[in-house]
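Residue numbers (the working numbering): 30 to 381.
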Ligand SMILES: CC(C)(COP(=O)(O)OP(=O)(O)OC[C@H]1O[C@@H](n2cnc3c(N)ncnc32)[C@H](O)[C@@H]1OP(=O)(O)O)[C@@H](O)C(=O)NCCC(=O)NCCS
């Protein structure tokens, strides 16, 4: 059975830097509040009418493919993870395939959601496909354009200040070298908290998950007008919402737990980890996890200060940056871990 390893990696972030001070002009917030609670100093926003989730993903994918030393048409599966797709349907996978100019190969494109855990979920899917022998070179992309769908009034400040745009990509390939590449992945979910970090509207829920359907913008029209209603627009109900403290509490418990699971599955210890790359949710969460794992500062890679939380893109951006900075050597043990909306969470262990 072949093993799966990361043959190429790349990331792309838009040039447009938005500082905390820039946000102060739109909502009642301060640079001090944002830095103290989240560690974020600035984030990137895509150029309007030019950059989208699929175009950011395409730029990252081109770098990952070049880094892998293969041609785009050698990719035999695309997995695209995002919560901010260009279209409600079809997914970004087919747009990326077209933008890479490989639509004539007619390879399958798999779109996954899984929000902040999207990259780790995607890695576990790619790993299983490679091991099964079904595919040889899988392109996994995590990309987001949050800036187009956030509430820039004070009402949305607890969510809006956190998120940024960007993309990261990896080429995952088959190798006969065992004990190299992806050693273990573990993925989990608990739907009990589905609405605690969510974008409810627009959607086809029809208010059925709420005791009072009107709080989800439910409309009494005989047909239609439930996916998106005037009430949703008038009452500003079309933005993401987050129960920050609940997310924080669960994240700091689940990150160390799931990292422990991949270590145990591989017969390894916390002390064997050379580099931990956590989903960049909040610097305070990452620091908490670092402490719980007993890791030094030079054993973790954080870049949320520069990019904010880029959801499915945050792990591949951070990993690609760490690789570019020479922080990752062949043979190093890398742990990736994510937690987010769903709640979903997961971890992976990679021998580089
Ligand atoms: C979002 C988060 C930073 C908020 O910090 P917190 O200490 O929990 O703050 P609270 O939500 O209790 O709000 C405290 C106060 O700050 C205010 N506030 C919220 N956002 C603000 C902002 N951007 N600027 C200024 N004040 C803000 C609140 O309105 C509240 O004011 P009040 O006390 O007058 O009611 C924190 O909960 C968090 O990081 N949670 C995890 C979020 C996360 O990681 N999400 C991504 C998951 S993948």
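Using N, Cα and C, we set each Cβ at its ideal position, and we do this for glycine too.
Residue range of the unbroken beta strand (DSSP E) whose run includes residue i
i, result
"residue 202", "195-204"
"residue 140", "138-141"
"residue 374", "373-380"
"residue 41", "32-41"
"residue 366", "362-369"
"residue 48", "46-48"
"residue 350", "No beta strand (DSSP E) holds residue 350; the alpha helix (DSSP H) holding it covers 343-353."
"residue 237", "That residue, residue 237, is in no beta strand (DSSP E); it is neither H nor E in DSSP."
"residue 54", "Where residue 54 is concerned, there is no enclosing beta strand (DSSP E), given that its DSSP letter is neither H nor E."
"residue 63", "Not the beta strand (DSSP E): residue 63 falls in the alpha helix (DSSP H), residues 60-67."
"residue 72", "71-73"
C-alpha distance - residue i paired with residue j, whole-angstrom precision
i, j, result
"residue 334", "residue 222", "27 Å"
"residue 66", "residue 60", "10 Å"
"residue 69", "residue 115", "26 Å"
"residue 284", "residue 251", "45 Å"
"residue 318", "residue 281", "6 Å"
"residue 139", "residue 81", "18 Å"
"residue 266", "residue 244", "9 Å"
"residue 44", "residue 167", "28 Å"
"residue 37", "residue 74", "25 Å"
"residue 186", "residue 180", "7 Å"
"residue 373", "residue 154", "15 Å"
"residue 220", "residue 288", "21 Å"
"residue 362", "residue 133", "38 Å"
"residue 51", "residue 315", "25 Å"
"residue 248", "residue 297", "54 Å"
"residue 71", "residue 188", "14 Å"
"residue 39", "residue 164", "21 Å"
"residue 58", "residue 209", "46 Å"
"residue 253", "residue 268", "21 Å"
Contact check, residue i vs residue j, beta carbons under 9 Å
i, j, result
"residue 343", "residue 195", "yes"
"residue 104", "residue 211", "no"
"residue 377", "residue 204", "no"
"residue 227", "residue 279", "no"
"residue 124", "residue 176", "no"
"residue 402", "residue 302", "Here the chain has residues from 30 to 381 only, and residue 402 is not among them."
"residue 200", "residue 99", "yes"
"residue 345", "residue 159", "no"
"residue 93", "residue 351", "no"
"residue 436", "residue 131", "As displayed, the chain neither begins before 30 nor continues past 381, which places residue 436 out of reach and without an answer."
"residue 322", "residue 299", "yes"
"residue 255", "residue 273", "no"
"residue 261", "residue 231", "yes"
Bounding residues of the alpha helix (DSSP H) (the contiguous stretch that carries residue i)
i, result
"residue 284", "273-295"
"residue 85", "82-97"
"residue 189", "186-189"
"residue 145", "Taken as a continuous stretch (DSSP letters only), residue 145 belongs to no alpha helix (DSSP H), as it is neither H nor E."
"residue 313", "312-322"
Rounded distance between the beta-carbons of residue j and residue i, thought under 8 Å
i, j, result
"residue 191", "residue 338", "5 Å"
"residue 359", "residue 381", "6 Å"
"residue 193", "residue 336", "5 Å"
"residue 354", "residue 148", "So it is not a contact: roughly 19 Å between Cβ atoms."
Short CB-CB distance (under 9 Å) between residue i and chain B
i, result
"residue 49", "No chain B is present in this structure, which holds just one protein chain."
Can at least three beta-carbon pairs, one atom from the region 80-95 and one from the region 137-157, be found at a separation below 8 Å? no
Per the contact definition of three or more C-beta pairs closer than 8 Å, is the region 202-218 in contact with the region 305-315? no
How about the region 105-114 and the region 168-183: do they share at least three Cβ pairs that are nearer than 8 Å? yes
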